[in-house]
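Scroll down for the structure; my scribbles are underneath it.
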Amino acid sequence: MIKSSKIHIPPLYILIPTIFTAIIMILPLLYLITRSIEASADTWISLFSIRSLQTLGRSLLLMSTVTLMSLIIAIPLAWCTARTNLPMRKIWTILVILPLVMPSFIAAFLFTSALGPKGLLQNLLEKPFGVKELPGLEGLIGATIVLALLSYPYIFLAIRGSINNIDPSIEESAKALGKNSLKVFTTITLPHIKPALIAGSLFVALYTLSDFGAVSMMRYNTFTWTIYQQYGSVIDRSTSAALSIALVSTALIILILEQNIRGKEKYHRIGSGSSRKPKIINLGFWKYPITSFFVLIISAALIIPVSILVFWLFRGILNGESITLSLSTVLNSVIVSLIATLTTALLALVTAVKLIRYPSIMNRFMEPISFIGYALPGVVVGIALVFFGTRFAMPIYQSIFLLIIGYIILFFPVSLGIIRSSLMQINPRIEESAMSLKHNALSVLTKITIPLIKSGLLMSLSMVFLLTLKELPATLILGPLNFHTLATQVWSYSSEAYFAKSAFPSLLIIVLSIFPLTTIIWHDKRIYQ
Amino acid sequence: MKPYLTCKNISKTFNGSPAVESVSIDLLPGEIMSILGPSGCGKTTLLRLIAGFETLDEGEIKIENNIISSNQTHLPPEKRNIGMVFQDYSLFPHMNVEQNITFGLQNYNQDEKEFRLQEILKLIQLVGFEKKLPAELSGGQQQRIALGRTLAPKPSLILLDEPFSNLDAVTRKEVMSDINQIILESKTASILVTHDRDEAFSIANKLVVMINGKIFQMDNPGNIYNLPNNIEVAKLVADCNFIKGSIQNKDVVTDIGSFRYESTDKQISDKQIVNTLIRPDDFITTYDPNGSFKITAREFHGPYSISTVLSYQYGFSLKFRDQQNVSFPIGTNVNLIKTNNRKLVVFPK
Chain A
1 MIKSSKIHIP
11 PLYILIPTIF
21 TAIIMILPLL
31 YLITRSIEAS
41 ADTWISLFSI
51 RSLQTLGRSL
61 LLMSTVTLMS
71 LIIAIPLAWC
81 TARTNLPMRK
91 IWTILVILPL
101 VMPSFIAAFL
111 FTSALGPKGL
121 LQNLLEKPFG
131 VKELPGLEGL
141 IGATIVLALL
151 SYPYIFLAIR
161 GSINNIDPSI
171 EESAKALGKN
181 SLKVFTTITL
191 PHIKPALIAG
201 SLFVALYTLS
211 DFGAVSMMRY
221 NTFTWTIYQQ
231 YGSVIDRSTS
241 AALSIALVST
251 ALIILILEQN
261 IRGKEKYHRI
271 GSGSSRKPKI
281 INLGFWKYPI
291 TSFFVLIISA
301 ALIIPVSILV
311 FWLFRGILNG
321 ESITLSLSTV
331 LNSVIVSLIA
341 TLTTALLALV
351 TAVKLIRYPS
361 IMNRFMEPIS
371 FIGYALPGVV
381 VGIALVFFGT
391 RFAMPIYQSI
401 FLLIIGYIIL
411 FFPVSLGIIR
421 SSLMQINPRI
431 EESAMSLKHN
441 ALSVLTKITI
451 PLIKSGLLMS
461 LSMVFLLTLK
471 ELPATLILGP
481 LNFHTLATQV
491 WSYSSEAYFA
501 KSAFPSLLII
511 VLSIFPLTTI
521 IWHDKRIYQ
Chain B
530 MKPYLTCKNI
540 SKTFNGSPAV
550 ESVSIDLLPG
560 EIMSILGPSG
570 CGKTTLLRLI
580 AGFETLDEGE
590 IKIENNIISS
600 NQTHLPPEKR
610 NIGMVFQDYS
620 LFPHMNVEQN
630 ITFGLQNYNQ
640 DEKEFRLQEI
650 LKLIQLVGFE
660 KKLPAELSGG
670 QQQRIALGRT
680 LAPKPSLILL
690 DEPFSNLDAV
700 TRKEVMSDIN
710 QIILESKTAS
720 ILVTHDRDEA
730 FSIANKLVVM
740 INGKIFQMDN
750 PGNIYNLPNN
760 IEVAKLVADC
770 NFIKGSIQNK
780 DVVTDIGSFR
790 YESTDKQISD
800 KQIVNTLIRP
810 DDFITTYDPN
820 GSFKITAREF
830 HGPYSISTVL
840 SYQYGFSLKF
850 RDQQNVSFPI
860 GTNVNLIKTN
870 NRKLVVFPK
């Protein structure tokens, strides 16, 4: 039994950043609440209008279709790479995660313009087949396909470890009782991976609910897109605040529901698992259709989009289009992402240390506060901080500082989740040994704790860098005037249909994302098992 | 001699349930103390209070007359000059042996560090292991390094929390005698906490028996073994049988005979009914076809065997150690003969 040490009050370098984090994490919610209190009766009536309810309906519908489709893609991928003799399964394991580098607005833009009524595909088909126009891919179907192709890796990552952890003897005894493979999968394997499935699905559901890029490119009026339009067009911003409240409430309800389901399902979890490797299933003839499925998914999610970008770029260069990209845009993206990433990791590290090593009443408030961030979409955080800046912090309004705070609010929960779970794996006795060897708390933190959670820290840094680089709505809203990042550049070029011009920054985002992704793959035990 | 460490009436409660209740102990400089108790008796908490990893609720802990813990003051662990060795070794996995051992030597210069490192490696007999990582070493080696790491900065007190319980039976014996040797050579005051009576007896000058957060007895190991305070202590420090007896004058009269008795309880009076402690080596069995006892079972323990002996007349069973090379078959009728003139210990019923 490992008891956490409960010695003294946390030192100030732990306490102050934790309180700072708590404050900035509740800022958006505070704004929404004060704004809605100020809102006129009309605003509230409009919130319950048919139009708003339709927006809610569309958001929930898209959330469901994306989550469902992601599950349909991720489950077979995870199971086949973990438990069958699929050819090249180590390589597939890495390949199927790669779509994480693709921002949703780029993918959506590529889908609408390449597969649209007069797009690239139609061009290719016109000469041999005489196809004059293709049916549009906009709306629900397009948004579902794009978002599912980009978000299934989250579910894949969540369930892979848990598939590997199943005690093979349970499956074997089910087989011995005369169940066939499919029956074993549905009655034994699926229930076992259920907690991981729920966690992964929740992430995808919330990601979809907060997605701005794909739905706006696909002209599918969900909450985020409506809020952004309201924000841009109306002087009275309480409507967008009211809509934001509705959106955040929806997300919070889903989050709370998930917590309740997961709480009851805890007994499904199996500890460190068995040392015996699960049996590898021989696919036989099935390896051909399954490999084709893998190829299809990777092509649609990664290879074709990247190829189109490269094609556009070269076509643009050959046509003599000017595709210059100012160096400052690239630097803005990289520097802002780096600052946000490092700050977030630092705050998450300190908060995790506070939560795990210094139990107190304050932690009861910190837990839900750090958790709320998952339910805050970029659009909402952006609008909330603009309000905060114009009212209370004029000096930092329209500055990179406010933008970075926005990124921290958005990605702190992810970072905390990763760092916290690696911190929990350290035996507190190791830190106590260091203390009894006359090292003070700061020295223990830097010489023992941080080196031991290096892997988790790197994972967290990579994940946040990846997410920040792709972030669009908060950047659009919070970025200072004439401040461009790669993401906003792609956004403005693509809304004016400059294909070649948008291809270059898009490719840069993807290339820059490869470094953090490699680190994630390298350090994630769920992948190397 | 003045005590080095004094714990006076210290108490600690976790979520309403007391872990340590009004415990007082003294430790002289260089003294080696064992705290023996069943798991969950609060002995690890007591150690953690002394080390400074927990704050206490009541009482005070003093080192050479300076208060280090009370309900008002708490000197942080890194300022106490107390070393601690944990059950699971807790070596720093990302550092090699040399880095682990010199971790507590931050005030030493490079030469002093190197000198002390070699001294320690010699002491723990692991010269040449400087560059090995903890994961490359056996459990016994890891525990010796953990001890070396603790000894390196020359603490004035070493606390050992069940240091042998993660080792297998064979290594445990070896490492135990190694570590006892190292501690004796270092002449450092030490407190060893364990639930194993052999470990507790093997090194201690002073034995403390702790049950349910309280100290039941504190004395030298021999005294506690020979004259335990009560039944719980007796059971912890040795295998034992209990039979009913009644006091008559200076004797205790039992179903297996009358014997001289002793007790720490001064209240015991004539005619009182008592529990009589019978050790497995207090009696031997002798062959007697008309004996009033029968051998019903035997446990083989290697160097000796334990026979279970049933009394025909009274229906109770007792366990006795067989004489060397004499093991009667199960079912043999026997009689009991007292082998020593030790007084039997009795406890009020």
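Residue numbers (my numbering), protein chains in the order written: chain A, 1 to 529; chain B, 530 to 878.
Positions of the beta carbon are idealized from the N, C-alpha and C atoms, including for glycine.
Here the structure is a predicted model, which means the values were calculated and not measured.
Between the CA atoms of residue j and residue i - distance to the nearest angstrom
i: I711/B; j: I653/B; result: 7 Å
i: A503/A; j: W312/A; result: 6 Å
i: L713/B; j: R673/B; result: 14 Å
i: Y13/A; j: L355/A; result: 14 Å
i: I163/A; j: V549/B; result: 45 Å
i: V96/A; j: V204/A; result: 16 Å
i: F20/A; j: L331/A; result: 28 Å
i: I270/A; j: I419/A; result: Because I270/A sits at a pLDDT of 38, beneath the cut-off of 50, its placement in the model cannot be relied upon, and the following sentence gives the value as read from the coordinates. Distance between the alpha carbons of I270/A and I419/A: 22 Å.
i: L347/A; j: A22/A; result: 10 Å
i: P547/B; j: K541/B; result: 6 Å
i: L68/A; j: I75/A; result: 11 Å
i: I157/A; j: R83/A; result: Per the sequence shown, the amino acid found at residue 157/A is Leu instead of Ile. Spanning the two alpha carbons is a distance of roughly 15 Å.
i: S274/A; j: K743/B; result: Legend: pLDDT at S274/A = 42, less than 50; position of this residue unreliable, value from coordinates given subsequently. One C-alpha to the other measures close to 41 Å.
i: S834/B; j: G588/B; result: 47 Å
i: L98/A; j: I91/A; result: 11 Å
i: T34/A; j: Y228/A; result: 19 Å
i: Y231/A; j: G382/A; result: 10 Å
i: K266/A; j: P195/A; result: Interpretation of K266/A is limited by its pLDDT of 44, a score under 50 that renders its predicted location unreliable; the figure taken from the coordinates is listed afterwards. When rounded, the distance between both Cα atoms is 7 Å.
i: T144/A; j: E432/A; result: 51 Å
i: L556/B; j: S856/B; result: 45 Å
i: S272/A; j: N165/A; result: A caution first: S272/A carries a pLDDT of 41, below 50, which makes its placement in the model unreliable, though a value can still be read off. Whole-angstrom Cα-Cα distance: 7 Å.
Contact list for residue i against chain A, beta-carbon separation under 9 Å
i: H623/B; result: I448, P451, L452, K454
i: R678/B; result: S433, L437
CB contact check: residue i to chain B, cutoff 8 Å
i: M435/A; result: yes
i: E496/A; result: no
i: H523/A; result: no
i: K354/A; result: no
Residue-level contact to chain E via CB, residue i, 8 Å cutoff
i: N427/A; result: Of the protein chains in this structure, namely A and B, none is chain E.
Beta carbon of residue i nearer than 8 Å to that of residue j
i: A474/A; j: G389/A; result: no
i: T485/A; j: V336/A; result: yes
i: L338/A; j: I254/A; result: no
i: R429/A; j: D617/B; result: yes
i: L585/B; j: I649/B; result: no
i: L150/A; j: L62/A; result: no
i: F822/B; j: N869/B; result: no
i: L736/B; j: I760/B; result: no
i: E791/B; j: V874/B; result: yes
i: S240/A; j: A39/A; result: no
i: A251/A; j: A148/A; result: no
Where residue i meets chain B, residues with beta-carbon distance less than 9 Å
i: E432/A; result: R577, A580, F582, P606, M613, F615, S619
i: N440/A; result: P605, E607, K608
Proximity test, Cβ basis, 8 Å: residue i and chain A
i: Q635/B; result: yes
i: P682/B; result: yes
i: F693/B; result: no
i: F632/B; result: yes
i: L806/B; result: no
Under 7 Å by beta carbon: chain A residues contacting residue i
i: R673/B; result: Within chain A, no residue comes near R673/B; the closest Cβ sits about 15 Å away, beyond 7 Å.
> So, do the stretch 550 to 557 of chain B and the stretch 600 to 611 of chain B have three or more beta carbon pairs nearer to each other than 8 Å?
Replying inline: For the pair of segments examined, the stretch 550 to 557 of chain B was found not to touch the stretch 600 to 611 of chain B: the number of CB pairs separated by less than 8 Å stays below three.
>> Across the stretch 658 to 672 of chain B and the stretch 691 to 705 of chain B, are there enough close Cβ pairs to call them in contact, namely three or more that are closer than 8 Å?
In response: Output reads yes: the stretch 691 to 705 of chain B touches the stretch 658 to 672 of chain B.
>> Does the stretch 207 to 222 of chain A come into contact with the stretch 101 to 108 of chain A, if we say contact requires no fewer than three beta-carbon pairs (one atom in each stretch) closer than 8 Å?
In response: Yes, the stretch 207 to 222 of chain A is in contact with the stretch 101 to 108 of chain A.
> Are at least three pairs of beta-carbons, each pair with one atom in the stretch 530 to 538 of chain B and one in the stretch 507 to 523 of chain A, less than 8 Å apart?
Replying inline: Judged by pairs of C-beta atoms under 8 Å, the stretch 530 to 538 of chain B does not touch the stretch 507 to 523 of chain A, as fewer than three such pairs exist.
> With a cut-off of 8 Å, do at least 3 Cβ pairs link the stretch 757 to 773 of chain B to the stretch 806 to 818 of chain B?
Replying inline: With the cut-off at 8 Å, the stretch 757 to 773 of chain B and the stretch 806 to 818 of chain B touch.
>> Below 8 Å, how does it come out for the stretch 837 to 847 of chain B and the stretch 781 to 789 of chain B: are there three or more Cβ pairs, yes or no?
In response: Here the stretch 837 to 847 of chain B lies against the stretch 781 to 789 of chain B, with 3 or more beta-carbon pairs under 8 Å apart.
> Within the chosen definition, does the stretch 487 to 501 of chain A reach the stretch 314 to 332 of chain A through at least 3 CB pairs nearer than 8 Å?
Replying inline: Because the criterion of three Cβ pairs below 8 Å is met, the stretch 487 to 501 of chain A and the stretch 314 to 332 of chain A touch.
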